[in-house]
Amino acid sequence: MKEIIQLLNNNKEWARRVEIETPGFFTKLKKQQRPKYLWIGCSDSRVPANQITGLLPGDVFVHRNISNQVINTDMNLMCVLQYAVDVLKVKHIIVCGHYGCGGIAAVKRNATSGMLEHWLENVRVSVRKHKRITLNEMCELNVKRQVENLAHNTIVQKAWERGRKLYIHGWIYAISDGLIKDLKVTQSGAHARKHHRS
Ligand SMILES: [Zn+2]
5 MKEIIQLLNN NKEWARRVEI ETPGFFTKLK KQQRPKYLWI GCSDSRVPAN QITGLLPGDV
65 FVHRNISNQV INTDMNLMCV LQYAVDVLKV KHIIVCGHYG CGGIAAVKRN ATSGMLEHWL
125 ENVRVSVRKH KRITLNEMCE LNVKRQVENL AHNTIVQKAW ERGRKLYIHG WIYAISDGLI
185 KDLKVTQSGA HARKHHRS
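Residue numbers for the sequence shown, in the working numbering: 5 to 202.
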């Protein structure tokens with residue numbers, strides 16, 4: 005149990021430090037959250053959204069799952085997406101994958117089983133289509149696919165049709181050097197808005 009007690013002690017120390025650095029930080033946060041960003045990332049413990057982007061509590065709404073999948077029948081993600089877009093009114097949705105993703109590697113090796121086999125079905129379809137693709141290329145392609153899925157999602161489409169400024173970005177993180185690369189596949193719904201106006 006020592007390792008669990010350590011976490012609670014860390015927490016006390018962290019809260020104390022934050023309050024010293026920024027007096028009133030927690031009382032201000034208690035009133036409301038106004039994050040500008042929704043982060044959809046991999047559950048991998050080495051890719052924590054806040055730390056790698058230098059964001060504080062209150063800055064980013066986070067959803068993480070294995071291999072950062074955007075699946076339109078995933079109730080969990082759909083609720084997160086709807087809340088982020090319609091209630092919190094985030095301006096940016098970031099899909100952030102990472103090189104060497106274990107989920108994608110397992111699909112490539114044909115080593116998934118049980119629930120994971122179902123969860124990563126879309127990755128499997130892509131891997132089958134691109135037989136010679138390397139793991140890291142597949143990790144990038146996976147992010148691009150999820151950006152496309154989001155761009156076609158009804159929650160996002162409706163926001164764009166209402167004229168909302170909402171950007172979807174595709175990023176990939178390298179665990180080996182801690183750096184994020186922008187895959188430059190940002191979608192802004194310019195087409196949907198133009199269509200709406202005409
Ligand atoms: Zn991963």
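The C-beta atom is built at its ideal place from N, Cα and C for all residues, glycine as well. Note that the coordinates shown come from a computational prediction; the quantities given were computed from them, not determined experimentally.
A direct Cα-Cα distance of roughly 23 Å separates Asn157 from Lys133. Beta-carbon to beta-carbon, Val74 and Val99 are separated by about 7 Å, close enough to satisfy the 8 Å threshold. The residue among Gly58, Lys34 and Met82 with its C-alpha nearest the C-alpha of Val160 is Met82. In this chain, the beta strand (DSSP E) harbouring Lys185 covers Leu183 to Asp186. In the three-state reduction of the DSSP assignment, Leu124 falls in the coil class.
The beta carbon of Asp90 sits no closer than 7 Å to any heavy atom of ligand 1.
With a cutoff of 7 Å, His67 does not count as near ligand 1, since its C-beta is closer than that to no heavy atom of the ligand. Relative to the non-hydrogen atoms of ligand 1, the Cβ of Ser130 never comes closer than 7 Å to any of them. For Val66, the three-state secondary structure derived from DSSP is strand. Secondary structure in the stretch 11 to 76: the beta strand (DSSP E) runs of 3 residues or longer, each lying completely within the stretch, are 41 to 46 and 64 to 69 in chain order.
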